[in-house]
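Per the working numbering, the sequence shown starts with residue 177, numbered consecutively.
Heads up, the beta-carbon is just placed ideally off N, CA and C, and yes, glycines get one too.
If you're wondering where the values come from, they're calculated on a predicted model, not measured in any experiment.
See below for the structure under consideration.
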Amino acid sequence: MPVPAITAADVDYVMDLDDEDLAALLVTAGAGTEYDDPGAEGAAGAIAKSAKSASALGGNWFRERARRMFERAWPKIKGVVCQAYKDRDDLQVGGKDWVKYLIGLILPIIGIGSGFAALLAMWAVRQGLDALCEVED
């Protein structure tokens with residue numbers, strides 16, 4: 177299966193999201209996948225679906241669920257992300273080219289779609305790759 181192309185517009189879109197929107201979109205894109213962990217909020221999710229609006233739930237709900245989703249996906253993508261973080265000093269970490277490169281690495285591993293891969297990449301960057309990859313100064 178060919179890997180979809182990541183456009184500059186895709187990268188701009190995820191980079192421009194605030195943290196709450198990033199969390200909400202990550203939860204939406206990963207819902208029902210192996211990375212999803214609805215936990216105790218399953219009922220709240222049903223309420224949001226019935227309301228036909230993700231805005232029916234507070235940002236903390238999305239952030240917590242997105243955090244758990246990322247933690248489930250992280251073991252699969254950690255190797256390539258951290259290796260790239262250590263090896264690709266030619267790209268500005270957190271810059272558009274870096275995020276696009278990271279999405280391209282994650283996409284074939286995660287196996288869901290470019291949107292989910294882009295959101296995971298941005299979540300990782302915002303969490304801090306030094307900490308996630310256990311890089312010492």
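Bounds of the alpha helix (DSSP H) holding Leu202 are Asp195 to Gly206. For Arg264, there is no enclosing alpha helix (DSSP H), since its DSSP letter is neither H nor E.
With contact defined as three or more Cβ pairs closer than 8 Å, the region 233-248 and the region 268-283 are not in contact. Residue environment for Gly255: exposed (fewer than 16 other C-beta atoms within 10 angstroms of its C-beta). The distance from the Cβ of Leu296 to that of Ala249 is about 6 Å, consistent with a contact at the 8 Å cut-off. DSSP places Ile279 in the uninterrupted alpha helix (DSSP H) bounded by Lys272 to Ile286. Your pair Leu202 and Trp299 checks out as a contact, with CB atoms roughly 6 Å apart and the cut at 8 Å. In this structure, the CA atom of Gln259 is about 10 Å from the CA atom of Ile253. Secondary structure note for Tyr189: its alpha helix (DSSP H) is the uninterrupted segment Ala184 to Asp192. CA-to-CA, the gap between Leu267 and Glu247 works out to about 25 Å. The three-state reading of DSSP puts Cys258 in helix, counting H, G and I together. Shown here, Ala181 sits in coil according to DSSP, grouped into three states, outside any helix or strand. In this structure, DSSP gives Asp212 a state outside helix and strand, which the three-state scheme calls coil.
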